[in-house]
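K.L.:
Next comes the structure, spelled out in structure tokens:
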């Protein structure tokens, strides 16, 4: 583990380094609801969808593994920044401030629409 990246509805995300390759990845530890109920169906649906989906604007799920404790771990590409961080950095009330120019908005919108289209082509609905 290098550092904790964040926490979501399903679990905690860590930035990690592969000891053998030196590659940097993100590992999402899925919270189990309880020993009796296991992993939520929403988490299982997310895993299934990400295993099918390969697109340049969708983060890649490399591996899924489980521990005897019942925890499930998802190994993703690690991204230094996400769109929310880019937009926040371009907020005039935050430092450092960089104006968000129309070409940026056009480019980000195009990438988002391509990623959503890739989901829709596979019958997946993105809810965020």
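In the working numbering, the protein residues as written are -15 to 112. Note that the Cβ used here is the ideal one computed from N, Cα and C, for glycine as well. Nothing here was measured: the structure is a model prediction, and the numbers come from that model.
How about residue 37 and residue 101: do their beta carbons lie closer than 8 Å?
P.N.:
No; because the gap between Cβ atoms is not below 8 Å, this pair is not in contact.
K.L.:
In angstroms with no decimal places, state the Cα-to-Cα distance between residue 11 and residue -1.
P.N.:
So the alpha carbons of these two residues sit roughly 7 Å apart.
K.L.:
Please give the ranges of any beta strand (DSSP E) in the region 6 to 71, keeping only runs that are unbroken, at least 3 residues long and fully inside the region.
P.N.:
Listed in chain order, they are 8 to 14, 45 to 50 and 56 to 61.
K.L.:
Does DSSP classify residue 85 as helix, strand or coil?
P.N.:
Reduced to three states, the DSSP call for residue 85 is coil.
K.L.:
Let's test the definition: count the other Cβ atoms within 10 Å of the Cβ of residue -5 and tell me whether it reaches 16, buried, or not, exposed.
P.N.:
Its Cβ being crowded by 16 or more others within 10 Å, residue -5 is buried.
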